[in-house]
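Residue numbers (this note's numbering), protein chains in the order written: chain A, 1 to 348; chain B, 1001 to 1265. From the three backbone atoms N, C-alpha and C, an ideal C-beta is built for every residue, glycine too. Predicted model, so just to flag it, every value in this text is computed and none were measured. Data block below; observations after.
What follows is the structure, given as structure tokens:
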């Protein structure tokens, strides 16, 4: 059973056009900036927003299409909303039992199943607590239990960790990963956090302006970004250019030498740590050397990230010692150097 | 030790009118209590007073129930349905609020009277005649009081986050189940506040009642009507009736307040 969707939604000037397939047990993350259409896609899959065009189908049954529309209450789905939307007047147990009751399970049985689910997410002792007395992490777990209790075929997670503080987030992310691994249905995770997507998903789809710009396993996306947005997410220097052997003329100006010969339109990526900075032009060794101007300096984890203007512009991560040696200040003129072997070239 | 003032003195321009306003609202009520002939109270509390009070309470409560049954769905329709022309409908619903109650009574007579637009068929087909009956009192009170409930509930519905209803839908709840188990509980304070206003308005209803239902002791003579009539013949009785009405309304409101409005939910 595979979920296949052609999501086409037009709303005012925005339009979403996204093809999507999710296999059983697969977790697909939809990653993109705010306003890219992630939530629109999720709402369309949930049936909260009808498609303008296209189709959603799980195996042979059509949920949305030119000839059919299944309303949300009749779709076998579970949704974890960004701020959970737990019903304030119901206890944690009643919240988890709600979906079962709504789908016709008898009260006693629904409560038994709900209790089991609360146990599974580690909230045995909180069955009769009202949502407002739960911590953020606990509320998130109740929301997950509520979504999974009905045994849905499609689990939709809308920024499930966005409302948590950093410490809780780490723990809840790990727990969520465990539950997703156990879950046999289809999962779509919508997030703007690359770490959530990388850790939780089997496959990433990067969405920008309503279009998928890149798709693939997390490791592949992290190594070979295809747009500036993705490169920025995964923290790589990224250029487009035309390769002739080991020389690449960059579209934005400048030239880089690469290790493996290539021909035609290519992407080049290399990490900011591969960039060395010198106050005078270094000599010798076959590397890329070009003049740059310091545009900005900011602390980045244990290093210092330097933004440099030039042809091409580049990000460099340097040690605090280097910052002190070179007495880096915005406006300084320096030389940037990158070894050809540190660059990664792949066709467009 | 005097408490330190952080914000400075209260401005006189606000305090003076506020105190005047308070006095304006409370002095007449105090006057009523002062002028009450407490010593001859037992003799004045006749069977007629009891009858009128009972009728008032029963009719106001029935009218409130009618308003709840019709008004909550109407408020839902106005707040949630996406119906075209909702703004206009909402304005129409509030007309009975600004309409003089006597005019409302006349309108009811023209529609529900024995020769009225609807009333003639009610009479011909079902043998039902509403004017000048206890049922007529309920109709008149409900007509005047329902906008209070609708406005209160609609306000609560519009303030409630519709995403909770979406969450219920994704859990498999039909719209009716969602309304019962999610929407209604979340707007309950608004419903209770609206029902209290509605009941209080119905209890004090005079103009529409006397126009549409007339004045038949034991059948349509509610407390406000009894007060007005007594004022012409026996002022002391009017005072007693007023005090009883005052005490009953304040008592009911205070009771509900403890239970619903300010108490912990």
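Out of 196(A), 293(A) and 265(A), the CA that lies nearest to the CA of residue 166(A) is found in 196(A). Under the 10 Å beta carbon count, residue 194(A) is surrounded by 16 or more other beta carbons and is classified as buried. Secondary structure at residue 62(A): strand, using DSSP grouped into helix, strand and coil. Neighbourhood of residue 1185(B) in chain A, by CB distance below 7 Å: 89, in chain order.
Taken through DSSP and simplified to helix, strand or coil, residue 296(A) comes out as strand. In the DSSP assignment, residue 81(A) falls outside any alpha helix (DSSP H) and carries neither an H nor an E. DSSP lists 337(A) as the bridge partner or partners of residue 276(A). Boundaries for residue 205(A): no alpha helix (DSSP H) harbours it, while the beta strand (DSSP E) harbouring it runs 203–208, taken from the DSSP string. Assignment of beta-bridge partners to residue 1128(B) by DSSP yields no partner. Using a 10 angstroms sphere on the CB of residue 1222(B), the tally of other CB atoms reaches 16 or more, which defines it as buried. For residue 1240(B) against residue 1025(B), the beta-carbon gap comes to about 22 Å, at or over 8 Å, which does not count as contact.
Beta-bridge pairing by DSSP links residue 305(A) to 298(A) and 317(A).
Straight through space, the alpha carbons of residue 57(A) and residue 299(A) are spaced by roughly 48 Å.
Residues 1145 and 1148 of the same chain have their beta carbon placed closer than 6 Å to that of residue 1201(B), with the five preceding and five following residues left out of the count.
Sequence-ordered contacts of the region 1177–1203 of chain B with chain A read 1177, 1178, 1181, 1182, 1185, 1186 and 1188 [C-beta pairs closer than 9 Å]. Rounded to whole angstroms, the gap between the alpha carbons of residue 284(A) and residue 307(A) is 25 Å.
In the structure shown, the three-state DSSP call for residue 347(A) is strand. Using a Cβ-Cβ cut-off of 8 Å, residue 225(A) does not count as an interface residue toward chain B, since no Cβ of chain B sits closer than that to its own. For residue 53(A), the CB contacts under 6 Å within the same chain, skipping 5 residues up- and downstream, are 8 in chain order.
Scanning its chain for C-beta atoms nearer than 7 Å, with the 5 sequence neighbours on each side dropped, one finds no residue around residue 220(A). For residue 1164(B), the C-beta contacts it makes with chain A under 7 Å involve 85 and 87, in order along the chain.
Counting along the chain, residue 239(A) sits inside the beta strand (DSSP E) bounded by residues 237–250.
According to the DSSP secondary-structure assignment, residue 1076(B) is paired through a beta bridge with no residue. In the three-state DSSP reduction, residue 18(A) falls in the strand class (E or B). Three or more Cβ pairs drawn from the region 37–48 of chain A and the region 67–79 of chain A lie within less than 8 Å of each other, which places the two stretches in contact. For residue 180(A), same chain residues with a beta-carbon under 7 Å away, outside a window of 5 residues either side, are 27, 187 and 200 in chain order. Under the Cβ distance rule, residue 1174(B) counts among the residues neighbouring chain A, one pair being separated by less than 8 Å. Looking at 335(A), 130(A), 239(A) and 4(A), the one whose alpha-carbon comes closest to that of residue 265(A) is 239(A).
Taking a 10 Å sphere around the C-beta of residue 237(A), we find 16 or more other C-beta atoms and assign the residue as buried. Residue 165(A) sits in coil when the DSSP states are folded into three classes, being neither helix nor strand. An exposed status is given to residue 347(A), since fewer than 16 other beta-carbon atoms sit within 10 Å of its beta-carbon. Residues of chain B with a Cβ closer than 7 Å to the Cβ of residue 73(A) are, in chain order, 1169, 1172, 1173 and 1174.
Taken through DSSP and simplified to helix, strand or coil, residue 190(A) comes out as strand.
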